[in-house]
Amino acid sequence: MAAGEAVAAGEAARADFARHWQAEFPGEPAPRMELGSVRAMERELERCRRHLRRLQRALAEERFKVGYLEAALARVPLPPPPAVPAGPRPPPSPTGGPEGSSPEGGSRGSSDAEDASSADFNYGADEYDAEGNEEPKALPEGSETMPYIDESPTMSPQLSARGQESGDGVSPTPTDGLGTGGERDAGKGLEMRKLVLSGFLASEEIYINQLEALLLPMKPLKATATTSQPVLTLQQIETIFYKIQDIYEIHKEFYDSLCPKVQQWDSNVTMGHLFQKLASQLGVYKAFVDNYKIALETAEKCSQSNYQFQKISEELKVKGPKDSKESHTSVTMEALLYKPIDRVTRSTLVLHDLLKHTPADHPDYPLLQDALRISQNFLSSINEDIDPRRTAVTTPKGETRQLVKDGFLVELSEGSRKLRHVFLFTDVLLCAKLKKTAVGKHQQYDCKWYVPLADLVFPSPEESEHCPQVHVIPDHELEDMKMKISAIKSEVQKEKANKGQSRAIERLKKKMFENEFWLLLNSPAIPFRIHNRNGKSYLFLLSSDYERSEWREAIQKLQKKDLQAFVLSSVELQVLTGSCFKLRTVHNIPVTSNKDDDESPGLYGFLHVIVHSAKGFKQSANLYCTLEVDSFGYFVSKAKTRVFRDTTEPQWNEEFEIELEGSQSLRILCYEKCYDKTKLNKDNNEIVDKIMGKGQIQLDPQAVQTKNWHMDVIEMNGIKVEFSMKFTSRDMSLKRTPSKKQTGVFGVKISVVTKRERSKVPYIVRQCIEEVEKRGIEEVGIYRISGVATDIQALKAVFDANNKDILVMLSDMDINAIAGTLKLYFRELPEPLLTDRLYPAFMEGIALSDPAAKENCMMHLLRSLPDPNLITFLFLLEHLKRVAEKEPINKMSLHNLATVFGPTLLRPSEVESKGHLTLASDIWSHDVMAQVQVLLYYLQHPPISFTELKRNTLYFSTDV
Numbered sequence: 005m006a007a008g009e010a011v012a013a014g015e016a017a018r019a020d021f022a023r024h025w026q027a028e029f030p031g032e033p034a035p036r037m038e039l040g041s042v043r044a045m046e047r048e049l050e051r052c053r054r055h056l057r058r059l060q061r062a063l064a065e066e067r068f069k070v071g072y073l074e075a076a077l078a079r080v081p082l083p084p085p086p087a088v089p090a091g092p093r094p095p096p097s098p099t100g101g102p103e104g105s106s107p108e109g110g111s112r113g114s115s116d117a118e119d120a121s122s123a124d125f126n127y128g129a130d131e132y133d134a135e136g137n138e139e140p141k142a143l144p145e146g147s148e149t150m151p152y153i154d155e156s157p158t159m160s161p162q163l164s165a166r167g168q169e170s171g172d173g174v175s176p177t178p179t180d181g182l183g184t185g186g187e188r189d190a191g192k193g194l195e196m197r198k199l200v201l202s203g204f205l206a207s208e209e210i211y212i213n214q215l216e217a218l219l220l221p222m223k224p225l226k227a228t229a230t231t232s233q234p235v236l237t238l239q240q241i242e243t244i245f246y247k248i249q250d251i252y253e254i255h256k257e258f259y260d261s262l263c264p265k266v267q268q269w270d271s272n273v274t275m276g277h278l279f280q281k282l283a284s285q286l287g288v289y290k291a292f293v294d295n296y297k298i299a300l301e302t303a304e305k306c307s308q309s310n311y312q313f314q315k316i317s318e319e320l321k322v323k324g325p326k327d328s329k330e331s332h333t334s335v336t337m338e339a340l341l342y343k344p345i346d347r348v349t350r351s352t353l354v355l356h357d358l359l360k361h362t363p364a365d366h367p368d369y370p371l372l373q374d375a376l377r378i379s380q381n382f383l384s385s386i387n388e389d390i391d392p393r394r395t396a397v398t399t400p401k402g403e404t405r406q407l408v409k410d411g412f413l414v415e416l417s418e419g420s421r422k423l424r425h426v427f428l429f430t431d432v433l434l435c436a437k438l439k440k441t442a443v444g445k446h447q448q449y450d451c452k453w454y455v456p457l458a459d460l461v462f463p464s465p466e467e468s469e470h471c472p473q474v475h476v477i478p479d480h481e482l483e484d485m486k487m488k489i490s491a492i493k494s495e496v497q498k499e500k501a502n503k504g505q506s507r508a509i510e511r512l513k514k515k516m517f518e519n520e521f522w523l524l525l526n527s528p529a530i531p532f533r534i535h536n537r538n539g540k541s542y543l544f545l546l547s548s549d550y551e552r553s554e555w556r557e558a559i560q561k562l563q564k565k566d567l568q569a570f571v572l573s574s575v576e577l578q579v580l581t582g583s584c585f586k587l588r589t590v591h592n593i594p595v596t597s598n599k600d601d602d603e604s605p606g607l608y609g610f611l612h613v614i615v616h617s618a619k620g621f622k623q624s625a626n627l628y629c630t631l632e633v634d635s636f637g638y639f640v641s642k643a644k645t646r647v648f649r650d651t652t653e654p655q656w657n658e659e660f661e662i663e664l665e666g667s668q669s670l671r672i673l674c675y676e677k678c679y680d681k682t683k684l685n686k687d688n689n690e691i692v693d694k695i696m697g698k699g700q701i702q703l704d705p706q707a708v709q710t711k712n713w714h715m716d717v718i719e720m721n722g723i724k725v726e727f728s729m730k731f732t733s734r735d736m737s738l739k740r741t742p743s744k745k746q747t748g749v750f751g752v753k754i755s756v757v758t759k760r761e762r763s764k765v766p767y768i769v770r771q772c773i774e775e776v777e778k779r780g781i782e783e784v785g786i787y788r789i790s791g792v793a794t795d796i797q798a799l800k801a802v803f804d805a806n807n808k809d810i811l812v813m814l815s816d817m818d819i820n821a822i823a824g825t826l827k828l829y830f831r832e833l834p835e836p837l838l839t840d841r842l843y844p845a846f847m848e849g850i851a852l853s854d855p856a857a858k859e860n861c862m863m864h865l866l867r868s869l870p871d872p873n874l875i876t877f878l879f880l881l882e883h884l885k886r887v888a889e890k891e892p893i894n895k896m897s898l899h900n901l902a903t904v905f906g907p908t909l910l911r912p913s914e915v916e917s918k919g920h921l922t923l924a925s926d927i928w929s930h931d932v933m934a935q936v937q938v939l940l941y942y943l944q945h946p947p948i949s950f951t952e953l954k955r956n957t958l959y960f961s962t963d964v
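Take the position in the sequence shown, starting the count at 1, then add 4; the result is the number in the numbering used here.
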């Protein structure tokens, strides 16, 4: 650029800056800045940042002076300043608390006299620190996995000493003057409470502004996530901003409630209930803290790979306080993400000082005590090294009882299924249900029963009584309910897309919750029995053996300690049950309708898993694995390897295809097969096998949605299981690829195959059906249970090659692999058996209400099929009817078979599907329901003859 052009550009930039300056500061002349080049502007930016940091430090010092003088004027007896040794100021505490606080949880040291004297009121002065909030405070060594939170908030020396003498470690003792209620002392206490609250309110305003700044880029980032050029994916956004919106709403409500009380301050003002409510919502912070490390890592990776996000995250604009001349401050995203970590300590600190200046007979006192206890328990749980992190409750006797695990389980009580919230403490298992409360009332739990762990035993299978008669819901009813849920989910999405009325959306969501709750209650079938050695037994029904094992292991681990039997008094039981609502870690019933709109919907499609091998077993055993995935809020077993006998290093190398329905996790369980028939579980009439190990991984869409196999290892109790997986989305699975080898049978038109074979029904269909009817018609779950993928691929290759050994191979092959081969043949046809052309007409026909019209239409559609398709369909139809006749043994009803085969025989064409599958979760939506209903209609119909169909007179044109 020529010198003249550079000068002109610099003048233009200065003029533009002056125009913006005047708009922001009318009447103030714009300062001179060098803006002639990018390099010059970068130098100016650095200079301004340095100046801003100096000013922020000065602001913090002035705020400190104001607080000090206000306290002095209120005639607070200040302690003499301790001697400060010569030398530099100590650096900020790694805990993020005020300087001098001990990371080990001790009381404040004496390194800073000013800090000691101002502990009563200074809760937010360092929110705008000397570094301009550019970087979060450093974390202590060894805290890489979790940020450390100071759980013993800073106190003044007198308070610290008194707290140590009292030994309770929960709440500070009120000052003597306040305790006696003298007028002068009461007035002084009232004034001090206002000073404490005013300082805290100011820091709360800053904190809310920081959360707002963090949330500001979230909406535009989400908006771009669905475009062709996203800045971040929805999952990355969810990870980085996890729970920030919830934290913001909690503190905004708290601030809006507390502010008018402080502004209209008098002796009658109460605000303890506000702090109690704030403390009761600390569970959101636990979720935030658990996600904190991965949020930082995700933000850092996204910054490195995306320049646009890097610019956004480097300079977030935080509004200044109302009384500040500074309108905005630039802060990094990393620094802002640390703020919630720091905030809990500050809230606990203010509770200490409020209690110090609150009379013991004041209505706020017990509420503030309760809030402080909850906060301290929370801080202890976050910093606990053990896993799972524990939360303690103080009993009326002053003992500590810790919550180890909690969750929702289905209990069989008085012959019916009940959803319970079960709490495992260090010495007792408590089963509770949430009470129904009026709107605005605090929710509470009602204890149904408890068993001290010293009295709890797991009955062995042979000792178990027979399970009470349980009404088992047929599989087809469960499948029907899944379809209804997905149909409602689709309606909700459509209403949102069309900006429908919120009332209609809420009505649909309520219906979806009711259906999901029914499914959650009626699906579990794995028994988990708890016995009290003093008498009664209790029975839970679980959907996952993994979950049963988790509960059993957690209880047995606690029972290794020296536990004493006891009986809780009514008061103790009331206190324990009352603590459950505050201490619980699982807040919502595990149904998908409880998910936030922006949470990941999970994966829909097919997960291909190869279980390779395992090592780490100490002695030879008969070993196998099962695979579980989550579906509709709970886990279900989907596949099982063969048993590898008498080995320490099983080599399964078996491939499975697992259908995913909104799944987010894969679990692998490794068992030792038990052949001792004396160890029979009377609850479900199955031999009990020993779980040798178990593990779980998250199904990251970006990791598994590739054409290549992704290899991984799950470590479990010293055992390593090696496996590979890849994922095919539902819309990709709709694509039918014609075979390049027209001599084969897979992927070749059915008319070509039958013409070549000179047969009416393809040989592969006839042979597979014959073998299933010979030895698999009574197999439990035939056509529903996956066959080993490698066996299916071997059969596919043999049929494609027209090998002479087909019949020998079929007779030796596992029957589920043969059933899987038949399903694969129909799925890989270039077009579905009932054809692309007729698909819309089948959808319309099944929707007809008039039975006569429906019959006429459905029979006409069959007549419209090409002969090879029709004859093969009728052949399959009669076979499936014969399978369903054995339903009492094989558990496969007509509805179950229609669910398995319907979407395979009748699917929209690729062009058609683009208009139907706008959402991944639509796999169980209207189309799939209709596909199942079409096949079910023909399965329930009296026998259909090809000859009679062709002979009948047509009542309407054959043009469809």
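For every residue, glycine included, the Cβ atom is placed at its ideal position computed from N, Cα and C. No experiment lies behind these values; they were computed from the predicted model shown.
The Cβ neighbour count for His-255, taken over all protein chains shown within 10 Å, is at least 16; the residue is labelled buried. About 16 Å separates the CB atoms of Val-590 and Phe-382; that is not less than 8 Å, and the two are not in contact. Contact between the stretch 800-810 and the stretch 659-676 is not established, with fewer than three Cβ pairs separated by less than 8 Å. Under DSSP, the beta-bridge partners assigned to Glu-659 are Ile-614. With respect to the 8 Å criterion, Leu-587 and Val-408 are not classified as neighbours on the basis of their beta carbons.
Counting along the chain, Gln-702 sits inside the beta strand (DSSP E) bounded by residues 694-702. Residue pairing by DSSP places Lys-321 opposite Ser-334 in a beta bridge. Relative to the Cα of Ser-417, the nearest Cα in the group Ser-541, Ala-34 and Leu-353 belongs to Ser-541. The alpha carbon of His-714 has as its nearest neighbour, out of Thr-732, Gly-722, Gly-697 and Lys-698, the alpha carbon of Thr-732. One Cα belongs to Pro-654, the other to Ile-614, and the distance between them is close to 14 Å. With fewer than 16 other Cβ atoms inside 10 Å of its own Cβ, Tyr-311 counts as exposed. When C-alpha distances from Leu-546 are compared across Ile-530, Pro-367, Leu-611 and Asn-536, the shortest belongs to Ile-530. Look at Asp-840 here: in three-state DSSP terms it is coil, with no helix or strand label.
The Cβ-Cβ distance between Thr-596 and Phe-636 falls below 8 Å. Excluding residues up to 5 positions away in sequence, Leu-262, Lys-265 and Asp-368 lie with their Cβ nearer than 7 Å to the Cβ of Met-275 in the same chain. If you check the CB distance, Gly-14 and Leu-49 do not come in under 8 Å. In the structure shown, Thr-274 adopts coil according to DSSP, grouped into three states. Taking a 10 Å sphere around the C-beta of His-356, we find 16 or more other C-beta atoms and assign the residue as buried. With fewer than 16 neighbouring CB atoms inside 10 Å of its own CB, Leu-73 falls in the exposed class. Beta-carbon to beta-carbon, Ile-781 and Pro-766 are separated by about 21 Å, too far to satisfy the 8 Å threshold. In terms of CA proximity to Met-933, Glu-848 leads the group Glu-848, Leu-286 and Val-348. In this structure, the straight-line span from the alpha carbon of Trp-522 to that of Asp-479 is close to 14 Å. Taking C-alpha positions only, Thr-825 is separated from Glu-726 by approximately 26 Å.
Per DSSP, Arg-47 has no beta bridge partner at all.
Scanning its chain for C-beta atoms nearer than 8 Å, with the 5 sequence neighbours on each side dropped, one finds around Asp-450 the residues Ala-436, Lys-437, Leu-438, Lys-439 and Thr-581, in chain order. Here the alpha carbon of Leu-341 sits roughly 13 Å from the alpha carbon of Val-322. Cβ-Cβ separation between Val-784 and Asn-894: approximately 6 Å, consistent with a contact (criterion under 8 Å).
As far as DSSP is concerned, Lys-256 takes part in no beta bridge.
In this chain, the alpha helix (DSSP H) harbouring Cys-861 covers 855-867. A distance of 8 Å or more separates the beta carbons of Leu-837 and Leu-901.
Between Ala-229 and Leu-236, the C-beta gap is smaller than 8 Å, which places the two residues in contact. In the DSSP annotation of this structure, Trp-269 is not part of any beta strand (DSSP E), being labelled neither H nor E. At the C-beta level, Lys-644 and Glu-632 stay beyond 8 Å of one another.
Looking at the backbone, the Cα of Gln-935 and that of Met-487 are separated by about 11 Å.
By alpha-carbon distance to Asn-712, the top candidate from Ser-790, Lys-730 and Gly-697 is Lys-730. Looking at Val-792, Val-579 and Gly-203, the one whose alpha-carbon comes closest to that of Pro-325 is Gly-203.
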